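The next block holds one structure in the form of structure tokens; read it before the comments.
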Amino acid sequence: MPRRSLGGQIKPAPGTSVQGVTSEDLPTRRTFLDAGGRAPMHAATRAAYAQALDEGWADPRRLHAEGRRARVLVDGARAAIADLLGARTEEVFLSGSHTASLHAAVRGIAHGRRRAGRDVVVSAVERAAVLAAADFVVAEPWGSHPGRRVTVGVDPAGRVDASAMAIALGAPGVALAALQHANGEVGTVQPLPEVADAARRAGVPLLVDAGAGVGHVEIPDAWDALAADPGDWGGPGGLGVLVVRPRVRWSPDWPQDEDAWFPGGASVPAAVAAAVALEHAVAERASTGAHRRVLVDRIRQAVAATVPDVEVVGDAVDRLPHVVTFSCLYVDGEALAGELDRLGFAVGSGSACTSSALEPSHVLAAMGVLTHGNVRLTLPSTVTDDDVDRFLAELPAAVRRVRDLLGVGDL
Amino acid sequence: MPEPEPIVVDARRLGCPLPVIELAKAARDVPPGTTLTVLATDPAARYDVPAWARLRGHELLGIAPISDDDDTLAITVRTHA
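Protein sequences appear in the order of chains A and B.
Numbering that gives the first Met the number 0 puts the first residue of the first sequence at 0, with every later residue one more than the last.
Numbering that gives the first Met the number 0 puts the first residue of the second sequence at 0, with every later residue one more than the last.
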């Protein structure tokens, strides 16, 4: 296993294998710029995780001393997370992943409101888990007739049309609406307060996927249910957070359990570590956010200036502080991501050629921007100016090499 | 002035970003105002050809399947004058 140290750098142990190559083949210095959904863990979080494994390993449903101690820890973690998200402890539910949170929220609310309506209104740039869950519940009629997934388009910056979304969710027969706080692929912040107002007037519950924003920016109190992703803020993987206001009518379309939202409950040590990580992220948010916002501005300007035929996408101003993405014309995204990996930089991509599905990012497609040659950077809170400067120094030649392989220099 | 001869670029079964590259190569050597149609099976071409046309100032004329039982798209542009 790679050893991780602070600063987002990974050094494989000698002789270990990473994706089929030995550590000798990899540059010793790694720069991790793909922190969306799984960010490097802070030392305090690791310490809390280890301590919670010692003290909170037992099943919190049991009534003996060990079980009660685990119960105290997990409830404390829920209380801390609730406080940081502007919620009450009893509104916070822990799942096994962000995907599980989103699936359950869409299914549970749609099922609870099946007599009010069957349709689900979403933006075109929701996370795939939201779109898949919406398709699932509208096809699953729980009765006599299926509903429709109503998809509201976005502008070239990736921002949903708030008035179109308001009209869509105000139509008769809508079970729920879902709008992300901000898009994790392109960084654009959505007009949440306007859409939440419209949803409230229409009496339609609004599910907000805040997985890309929680821990990085303050999330407006403009939701009925909110999903947050501990892995994204430096907590452990294997945990998700769903917050549901008591006013939301819901019922499971899955078997009953003491933990009704997420049967079987979640990992107590992971919950404790996630709470500590969120406290840390929120405490540092002002400084890490401002630093990363400046770095993203620098990346946006430098990429546009130094790479020919490139499109930097997403809103330049009203955006997450740490996400930036761009598409290079006539570039194979997989080849470019691979070239950057070889140079020591871990980046993401929304290009079709980098996914097994062969379908490009539905977000880039909905925005009408180039889907090929895409590079997505999600800066961890520990990113340094030097990390970004080295990336920007290497990028133009990396793009040129990939273009030369395709013989497109003069197009 | 007569209309330049329309051109068809067959990029079927080529993966992204090759359909756009083949189209761009064809567009490089034709007079302004030429109509070019690229045939593509790559699902990304539907998005990338219009984006390319926008970046290069060409006009997108249309996107249509060539038939009901084929996943080939015909995407047509006119090069800018």
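Glycine is no exception: its CB is placed at the ideal position from the N, C-alpha and C atoms.
Computed from a prediction, not measured in an experiment: that's the story for all the values here.
Counting along the chain, no alpha helix (DSSP H) covers F261(A), and no H or E run does either.
I20(B) reaches chain A at Y329, L405, V407 and L410, counting residues in chain order whose Cβ is nearer than 8 Å. The stretch 91-105 of chain A makes no contact with the stretch 287-295 of chain A: fewer than 3 CB pairs, one atom from each, lie closer than 8 Å. Scanning the stretch 139-172 of chain A from its first residue to its last, the whole beta strand (DSSP E) runs of 3-plus residues come out as 148-151. For R399(A), the three-state secondary structure derived from DSSP is helix. Of all C-beta pairs linking the stretch 103-114 of chain A to the stretch 158-167 of chain A, fewer than three are shorter than 8 Å, placing the two stretches out of contact. Contact between W51(B) and V29(B) is absent: CB atoms are separated by about 15 Å, not below the 8 Å threshold. The beta carbon of L13(B) does not come within 9 Å of any beta carbon belonging to chain A, so the residue lies off that interface. By the neighbour-count definition (other C-beta atoms within 10 Å, threshold 16), D386(A) is a buried residue. One alpha carbon belongs to A224(A), the other to A177(A), and they sit about 9 Å apart.
Below the 9 Å Cβ cutoff, chain B contributes Y46, P49, A50 and R53 as neighbours of G367(A), in chain order. By the CB criterion at 9 Å, P229(A) and A273(A) fall inside the cutoff.
Across the set V362(A), L391(A), D314(A) and V323(A), the C-alpha of L391(A) shows the shortest separation from the C-alpha of F344(A). Taking 9 Å as the cut-off, the Cβ atoms of A23(B) and I6(B) do not count as close. The C-alpha of G186(A) lies about 27 Å from the C-alpha of G169(A).
Looking at G210(A), V323(A) and R248(A), the one whose alpha-carbon comes closest to that of V312(A) is V323(A).
Excluding its 5 nearest sequence neighbours in each direction, G183(A) has C-beta neighbours in its own chain below 6 Å: G35 and A211, listed in chain order.
If you draw a 10 Å sphere on the C-beta of I218(A), you find 16 or more other C-beta atoms in it, and that means buried.
When the five nearest sequence neighbours on each side are left out, the beta carbons in the same chain lying within less than 8 Å of the beta carbon of E338(A) are those of A397, R400 and V401, in order along the chain. In the three-state reduction of the DSSP assignment, E58(B) falls in the strand class, which pools E and B.
Under the Cβ distance rule, L363(A) counts among the residues neighbouring chain B, one pair being separated by less than 9 Å. R77(B) sits buried, since 16 or more C-beta atoms from the chains shown fall within 10 Å of its C-beta. In the three-state DSSP reduction, G347(A) falls in the strand class (E or B).
By the Cβ neighbour-count rule, Q300(A) is exposed, with fewer than 16 other Cβ atoms within 10 Å of its own. DSSP assignment within the stretch 189-262 of chain A yields the following whole beta strand (DSSP E) runs of 3 residues or more, N-terminal first: 205-208, 224-227 and 239-243. Taken through DSSP and simplified to helix, strand or coil, T305(A) comes out as helix.
Using a Cβ distance threshold of 9 Å, R27(B) and L405(A) do not count as a contacting pair. Taking a beta-carbon distance threshold of 9 Å, G236(A) does not count as an interface residue toward chain B. The C-beta of S143(A) has fewer than 16 other C-beta atoms within 10 Å across all chains shown, which makes the residue exposed. In terms of CA proximity to F325(A), H371(A) leads the group R87(A), A285(A) and H371(A).
Contact of P42(B) with chain A by beta-carbon distance below 8 Å involves A351, L357, E358 and P359. Close partners of G372(A) in chain B (Cβ separation under 8 Å): P16.
Rounded to the nearest whole angstrom, the CA to CA distance from R248(A) to V136(A) is 16 Å. Looking only at D314(A), A79(A) and V188(A), the smallest Cα-Cα distance to D208(A) is reached by V188(A). A buried status is given to D41(B), since no fewer than 16 other beta-carbon atoms sit within 10 Å of its beta-carbon. Looking at the DSSP output, V119(A) sits in a beta bridge with R148(A) and L175(A).
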